[in-house]
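Chemist:
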Ligand SMILES: [Cu+2]
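In our numbering, the protein residues as written are 605 to 1113.
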């Protein structure tokens, strides 16, 4: 049975409504929403753009300095605002003391500047890619993609957001004043040990399910968070940067108004009660703060498994009684108010919900000249327990999981795609639910988990949910080149699965 299909129980929902969780140390304190530092590159830049990956310490809001990684920051990176047509001369310095990379997730850029596992940055070294921005307005992100180390490096903080604007988005009747009516939210689930320090321990369960944390963190602060806003429309650009957790989003009052997905604007605003975001996905929503004094973005997510009686004892020892009760009580899911928006009387951005956002024609399957099939293999018979024990918090040598029976091999090209061709990629999996990501493109989803995708997932995407042996199908075209020394990746975005080898390589030429 797929645990991710459990419905949130009434008890959980009422706890969230009370603004409380019975959970662990700290999710009862309302903290100000941290505004991630924004670097506006649209205005131009005089020299190369420095991104320094460094080891640091960060207080998630519980008064404890945890060991973290950051990018120009103690935890996470900046929000980079860029414009279509620019070429960005980055200078990425690796000071974390181990090999890393920086991948531009969502960008249509050639393989040699994509920042995947082949563009390794040795400790102390600098990587200087010139990154061309050719695509439309969209919310993208950047994160470590060092093979076998991605899960832990992203967990510790190597991730940032890249917002592309274009002529249309800059003139659109949408909120766009950063930190005033336009907020970027990076959602993550974390585990803190009894001392309050950020914890990441690899176990068989973590390799199998991916890392699930019990504490929701927003922009590096333990939720719930609070932001005071003006009377008007408020835009939330949301990234699920969890290692493995699918997040279900809803509003305390009214539906979600979704205006954009991974690759850009939807055709028009889509209203929905629940938005399911896989790790790696981005969505933008509008909240109308003219009608309510308070609204809340609610997030439900899955709690880690406890692993039998030993796990219960361990849980009790490390995080105490309330944490244990919460788990028993919730049977796997927790819901929390990630962000409370509180209205003040000052007038804010005044416009109606947009009806015409982008021209999106229906995806045309007949354009496809090639169909490829991918089966994700979670169960290959690998000894995950031994791998976890030997892994030193890295996911071993990347040979425990596979796609089409083959684990990721840096020296093997799995597929060769002709540049400019339109293809259908069909993805299935032997068990569990996985988010599948393809580098170097945006695609359209034809079917997701055997069904038509929800309206909010019918625009441009670079992630698709895959569940069971029913197909998910996407229509995709690659317009940039990726040669065999710098191929693109396709992979599961549960980072532990990716590190375990559920990844393949392809060229575009
Ligand atoms: Cu997976």
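We treat Cβ as the ideally placed atom computed from N, Cα and C, and that holds for glycine.
1) Tell me, please, whether the CB atom of residue 712 is closer than 8 angstroms to any CB atom in chain D?
2) Is the distance from the Cβ of residue 741 to the Cβ of residue 772 below 8 angstroms?
3) When you compare only the Cα positions, how much space is there between residue 753 and residue 789?
4) Whose C-beta lies closer than 6 angstroms to the C-beta of residue 643 among residues of the same chain, with five residues either side of it excluded?
5) In whole angstroms, what separates the C-alpha of residue 1095 from that of residue 736?
6) Does residue 983 come out as helix, strand or coil in the three-state DSSP assignment?
7) Could you check the C-alpha separation between residue 776 and residue 958 for me, to the nearest Å?
8) What is the DSSP secondary structure of residue 659, reduced to helix, strand or coil?
9) Which of the three DSSP states is assigned to residue 1041 in this structure?
10) May I ask you to check if the CB of residue 1101 is nearer than 7 angstroms to at least one heavy atom of ligand 1?
11) Specify whether the segment 1003-1014 and the segment 1104-1112 touch according to this definition: at least 3 beta carbon pairs, one from each stretch, less than 8 angstroms apart.
12) Any chance the CB of residue 1031 is under 7 angstroms from a heavy atom of ligand 1?
13) Taking the continuous beta strand (DSSP E) assigned at residue 871, which residues delimit it?
14) Run through the DSSP bridge pairs and tell me what residue 881 is partnered with.
15) Looking only at its own chain, which residues have a Cβ that is under 6 angstroms from the Cβ of residue 860, when we skip the five neighbours before and after it?
16) Sorted by chain position, which residues of the same chain lie with C-beta nearer than 6 angstroms to residue 1097's C-beta, five sequence neighbours on each side aside?
17) Comparing C-alpha positions only, which one of 970, 955, 817 sits nearest to residue 778?
18) Using 10 angstroms around the beta-carbon of residue 865, count the other beta-carbons present and answer buried if the total reaches 16, otherwise exposed.
19) Where do the ends of the alpha helix (DSSP H) carrying residue 1101 lie?
20) How about residue 762: is its Cβ closer than 7 angstroms to a heavy atom in ligand 1?
21) I'd like the list of long-range same chain contacts for residue 638, defined as Cβ closer than 8 angstroms, with 5 residues on each side in sequence excluded.
22) Looking only at C-alpha atoms, which of 900, 693, 641 sits nearest to residue 831?
23) Checking the sheet assignment: what are the DSSP bridge partners for residue 976?
24) Taking three-plus beta-carbon pairs below 8 angstroms as touching, is the segment 840-860 in contact with the segment 685-701?
25) If you draw a straight line from the C-alpha of residue 953 to the C-alpha of residue 893, how long is it?
26) Any chance the CB of residue 1098 is under 7 angstroms from a heavy atom of ligand 1?
27) Specify whether the segment 704-716 and the segment 1078-1086 touch according to this definition: at least 3 beta carbon pairs, one from each stretch, less than 8 angstroms apart.
28) Mapping DSSP to helix, strand and coil, what is residue 628?
29) If you follow the alpha helix (DSSP H) that residue 772 is part of, which residue opens it and which one closes it?
30) Mind the definition here: the segment 801-811 touches the segment 979-993 only if three or more C-beta pairs lie below 8 angstroms; say whether that holds.
31) May I have the straight-line CA-CA distance separating residue 993 from residue 671, to the nearest angstrom?
32) Give the straight-line distance between the Cα atoms of residue 769 and residue 743, rounded to the nearest whole angstrom.
33) Could you tell me the alpha carbon to alpha carbon distance between residue 813 and residue 848, rounded to whole angstroms?
34) Ignore the nearest five residues each way along the sequence and tell me which others in residue 1070's own chain have a CB closer than 6 angstroms to its CB.
35) Under the DSSP definition of a beta bridge, which residues are partnered with residue 802?
36) By how many angstroms is the C-alpha of residue 939 removed from the C-alpha of residue 1054?
Modeler: Reading off the structure:
1) Protein chain content of the structure displayed is limited to a single chain, and chain D is not contained in it.
2) yes
3) 24 angstroms
4) 682, 684
5) 23 angstroms
6) Note: residue 983 maps to coil in three-state DSSP.
7) 9 angstroms
8) Taken through DSSP and simplified to helix, strand or coil, residue 659 comes out as strand.
9) strand
10) yes
11) yes
12) no
13) 868-876
14) In the DSSP assignment, residue 881 forms a beta bridge with 851.
15) 876, 879, 889
16) 883, 884, 1039, 1041
17) 955
18) Answer is buried; the Cβ neighbour count reaches 16.
19) 1099-1103
20) no
21) 822, 823, 824, 825, 829
22) Checking every option, the nearest Cα to that of residue 831 belongs to 900.
23) 1029
24) no
25) Taking the Cα positions, residue 953 is about 10 angstroms away from residue 893.
26) yes
27) Counting Cβ pairs under 8 angstroms, three or more are found: they touch.
28) Because the pLDDT at residue 628 is just 40, under 50, the model does not fix this residue reliably, and the point stays unresolved.
29) 771-775 is the extent of the alpha helix (DSSP H) around residue 772.
30) yes
31) 22 angstroms
32) Each residue's alpha carbon lies about 9 angstroms from the other.
33) 8 angstroms
34) 1031, 1033, 1038, 1040, 1076
35) 796
36) 27 angstroms
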